[in-house]
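All the letters of the sequence shown, read from the start, carry residue numbers 1 to 94 under this note's numbering. Idealized CB from N, CA, C, for every residue including glycine. Reading through the structure tokens given below for one structure.
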Amino acid sequence: MHRKAVFALAGVFLTVALIVPPILFKIQADQDLDNLIVLRDNPGMETSGNITIAERTNENHQKTLITVAVIETIFVILFTVTLYYGINHPPTKR
């Protein structure tokens, strides 16, 4: 693989690592807004079974943070490895 292609791939990994977390947090904020609407319509704060809206929101926040942490870790490692390979890989001879 040519050096330019390796650096382009590293750029894609970095872009994914920087773009995906804000998108996931935006989706989480939309879900929180939906939960607030449910809270307004259901003042007893019961959603399903004995789970309150606060408990469901905390659970959703934990899932989102874990997902973001996993995605960040994977793509930052891929970026680092690809960048290291691009810097230290000798150019191919033609």
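Would you mind working out which of the options sits nearest residue i, comparing C-alpha positions?
i	options	result
residue 76	7, 8, 61, 18	18
residue 28	89, 61, 88	61
Nearest-angstrom Cα distance between residue i and residue j?
i	j	result
residue 80	residue 52	42 Å
residue 34	residue 16	27 Å
residue 31	residue 2	44 Å
residue 85	residue 36	48 Å
residue 59	residue 41	21 Å
Take residue i and list the residues in its own chain whose beta-carbon comes closer than 6 Å to its own, dropping the five residues that flank it on each side.
i	result
residue 102	As displayed, the chain neither begins before 1 nor continues past 94, which places residue 102 out of reach and without an answer.
residue 71	20
Under 8 Å Cβ to Cβ from residue i, same chain only, skipping five residues before and after it: list those, please.
i	result
residue 50	none
Ignore the nearest five residues each way along the sequence and tell me which others in residue i's own chain have a CB closer than 7 Å to its CB.
i	result
residue 24	64, 67, 68
residue 10	79, 82, 83, 86
Could you tell me which whole alpha helix (DSSP H) segments of length 4 or greater appear in the stretch 3-85? Listed in chain order, the complete alpha helix (DSSP H) runs (minimum 4 residues) inside the stretch 3-85 are 3-41.
Should the stretch 2-15 be called in touch with the stretch 60-67, which here means at least 3 C-beta pairs below 8 Å? In short, these stretches do not touch, since the Cβ pair count stays below three.
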